[in-house]
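Here the working numbering = 1-based position in the sequence shown + 176.
Note that beta-carbon positions come from the ideal geometry of N, C-alpha and C, so glycine has one too.
Report on the following structure.
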Amino acid sequence: MKPWLKTGWVGLWLFGNLPFLTFAQQAPINWSVVHCMQSTSPEYVVFELDSWLPYHQQRVDNQEMVSWTLYGVLFGDRSPCDHVIIESFSDPSQVHKAYKGVAPGNDSEVNPMSEPEMIANTFSARKMMSSALWKLTLSSGMSEHNYMFVNWVRSTNKKSFLELQKNFVLQAHQRLMEQGVGAGFALYEHAYPTGQNVMHDFISLDYLLDLQPLQWYGIPELEDGKIRKQLDDSRTVIKNMVLVRIGGTR
């Protein structure tokens, strides 16, 4: 059982209120930093929501970032993490300030890292297994969602892959949003870290209200066998993951 399912009131809140999660109007998201977390304490989720969420909310209020969201891993394909944190930004300067430690508000009274006890609690509650920087390439927009399908892919022909994603996959997701079936789609290009051990170059996100596979019936382009084959030939899926939204900034 996932640690966040064991966590008393958090588990009750999560499954009792999922349909009512909403998202405030946000600035455009162009960059995201994604942290793969492995919890080492049953109180990990409570710690994130009680100690870190207020700090990140202040950063959002100060326009230092766009959003901060904590997800639990429902299904992970060879994943070392049981939680994922996504920090989103509108421009590179926000990312630079956040990770140079000079962002306005870093000396705030709600900053957990300003207290030695909080630093110790942070490192005892979880292990940060990896972090990555993603750059937004395509997006249909994002509406209220509770779940997210994440696919790490390696393009076999980058130009062809992007054209197919733009002309067919993006259009299909926009139709699904109009039908009230999907909650959005985003395609990110992997920006950092780089190296031979990085097997993927793109990450696609499918946002969902319900934990059900997207139904592509009625989307002519994606029912066309020729186009489906072109899509399949344009990339290789390296791994995938299903996430559930636990909490985040407004």
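query = So Leu363 packs on Ser380, CB below 8 angstroms; how close in whole Å?
reply = Contact between Leu363 and Ser380 holds, since their C-beta atoms are separated by about 5 angstroms, short of 8 angstroms.
request  = Enumerate in chain order the residues of its own chain whose CB-to-CB distance from Val413 is below 8 angstroms, with the five nearest sequence positions on each side excluded.
outcome  = Asn327, Trp328, Val329
request  = Throw me the rounded Cβ distance for the Ser269 and Val242 pair, which I believe falls under 8 angstroms.
outcome  = That belief does not hold up - the Cβ atoms of Ser269 and Val242 are roughly 13 angstroms apart, past 8 angstroms.
message = Buried or exposed, going by whether 16 or more other CB atoms sit within 10 Å of the CB of Gly317?
response = exposed
message = For Val420 and Asn322, which I take to be in contact (beta-carbon distance under 8 angstroms), what is that distance rounded to the nearest angstrom?
response = 7 angstroms
key: Residue environment, Asn206, which counts as buried when at least 16 other CB atoms sit within 10 Å   = buried
query = Where does the unbroken alpha helix (DSSP H) through Gly401 begin, and where does it stop?
reply = 401-410
task = Following the continuous alpha helix (DSSP H) through Ala348, name the residue where it begins and the one where it ends.
result = 346-354
request  = Taking Ala301 and Glu219 to be in contact with their CB atoms under 8 angstroms, please state how far apart those CB atoms are, rounded to whole angstroms.
outcome  = Ala301 to Glu219, Cβ: 7 angstroms. Contact.
message = With the cut-off set at 7 angstroms, would you say Phe325 and Val418 are in Cβ contact?
response = yes
ask   = Quick one, which of Lys303, Gln214, Ala308 has its alpha-carbon nearest Gly371's?
value = Ala308
query = Thinking C-alpha only, which one of Glu293, Glu263, Arg235, Met305 is nearest Thr216?
reply = The shortest C-alpha separation from Thr216 is found at Met305.
message = Do Ser319 and Gly252 count as a contact pair if the criterion is CB distance below 7 angstroms?
response = no
key: Cβ-based neighbour list, Gln214, same chain, cut-off 7 angstroms, excluding 5 preceding and 5 following   = Non-local beta-carbon contacts of Gln214 in its own chain, meaning distances under 7 angstroms to residues more than five positions away in sequence, involve Pro256, Cys257, Asp258, Arg302, Lys303, Met305 in chain order.
request  = Label Tyr368 either buried or exposed according to how many other C-beta atoms from any shown protein chain fall within 10 Å of its C-beta, with 16 as the threshold for buried.
outcome  = exposed
task = Output yes or no for whether 7 angstroms exceeds the beta carbon distance between Leu445 and Gly423.
result = Not covered by the structure: residue 445. The range shown for the chain is 177 to 426.
key: Buried versus exposed call for Thr425 [16 or more other C-beta atoms within 10 Å across all chains shown]   = buried
task = Rounded to whole angstroms, what's the CA-CA distance from His232 to Ala203? Just pull it up for me.
result = 15 angstroms
message = Taking 6 angstroms as the limit between beta carbons, can you name the residues of its chain near Ser429, skipping five residues before and five after?
response = Since the displayed the chain opens at 177 and closes at 426, residue 429 lies outside it and no answer follows.
ask   = So, is Glu263 buried or exposed, given that buried needs 16 or more other C-beta atoms within 10 angstroms?
value = Counting Cβ neighbours within 10 Å, Glu263 comes out buried, since at least 16 surround it.
Cα-Cα separation, Glu293 to Phe299 = 10 angstroms
key: Cβ pair Phe344, Ile403 closer than 7 angstroms   = yes
query = Can you tell which of Lys276, Cys212, Arg254 has its C-alpha closest to the C-alpha of Gly248?
reply = Cys212
query = Mind checking Gly358: buried by the 16 CB within 10 Å criterion, or exposed?
reply = buried
ask   = What's the gap between the Cα of Leu338 and the Cα of Gln355?
value = 24 angstroms
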